[in-house]
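Using full-length UniProt numbering, the first residue of the sequence shown is number 1, and each one after it goes up by one.
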Amino acid sequence: MFKRFVGATEFLHNEERWCLWLKGVSPAILKKVPPVMDAIAAVRQMRESSDREATKKLAQTPTLFGEIRQPDTQYVIIPRHSSQNRKYIPIGFVSPEIICGDANLLMPNVTLFHFGY
């Protein structure tokens, strides 16, 4: 239910951040955790009160991220935001259990060969 979430800042500074990843979690399990149900209700309410129609539509699925592009295999992660002062481009090879935030680019379906090439 809780998975590590990595944005550009977390990747660059090796910081930990976590998210509720509820994709595939049954409603019966969710109902057993009142704080999670409260979070789901808050997401639904926030989405319903949006002025943006696409966001209002997402209120129908408050347990899911607005866009899911998470690969189910290991992937290469490259932060979109870094510093011109770096002498290298920060790139990582990441497990699919780590949720990639939008502040990163990702390349799915890769192996260590691709990472090192």
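The C-beta atom is built at its ideal place from N, Cα and C for all residues, glycine as well.
Can you name, in chain order, every residue of its own chain whose Cβ lies under 8 Å from the Cβ of residue i, other than the five neighbours on each side?
i: tryptophan 18; result: Phe2, Lys3, Arg4, Phe5
i: histidine 69; result: The identity of residue 69 in the sequence shown is arginine, whereas the question assumes histidine. Result list for arginine 69: Cys100, Leu106, in chain order.
i: phenylalanine 115; result: Val76, Ile91, Phe93
i: phenylalanine 11; result: Ile77, Pro79, Pro90, Gly92, Asn104
Please classify residue i: does DSSP put it in a helix, a strand, or coil?
i: isoleucine 91; result: coil
i: phenylalanine 113; result: helix
i: leucine 105; result: strand
i: phenylalanine 11; result: helix
Quick one: what's got a C-beta closer than 7 Å to residue i's C-beta in the same chain, skipping five residues either side?
i: methionine 46; result: none
For the alpha helix (DSSP H) that residue i lies in, which residues bound it at each end?
i: methionine 1; result: It is not in any alpha helix (DSSP H) - methionine 1 carries neither H nor E in the DSSP assignment.
i: isoleucine 40; result: 34 to 48
i: threonine 55; result: 53 to 58
In terms of residue numbering, what span does the beta strand (DSSP E) encompassing residue i cover?
i: proline 79; result: 75 to 79
i: leucine 20; result: 18 to 20
Here's a check: name, in chain order, each residue in its chain whose Cβ is nearer than 6 Å to the Cβ of residue i, leaving out the five neighbours to either side.
i: serine 50; result: Lys56
i: aspartate 72; result: Pro96
i: isoleucine 98; result: Arg4, Val6
What whole-angstrom Cβ distance do residue i and residue j have, given they're in contact under 8 Å?
i: residue 143; j: alanine 54; result: Beyond the ends of the chain as shown, which are 1 and 117, falls residue 143; an answer cannot be given.
i: arginine 44; j: alanine 28; result: About 19 Å separates the two Cβ atoms, so there is no contact after all.
> With contact counted as at least three CB pairs below 8 Å, one residue from each stretch, are the region 92 to 101 and the region 73 to 83 in contact?
Replying inline: Touching, per the Cβ criterion.
> Can you find at least 3 beta carbon pairs, one from the region 58 to 75 and one from the region 22 to 29, that sit closer than 8 Å?
Replying inline: Under the three-pair Cβ rule at 8 Å, the region 58 to 75 counts as touching the region 22 to 29.
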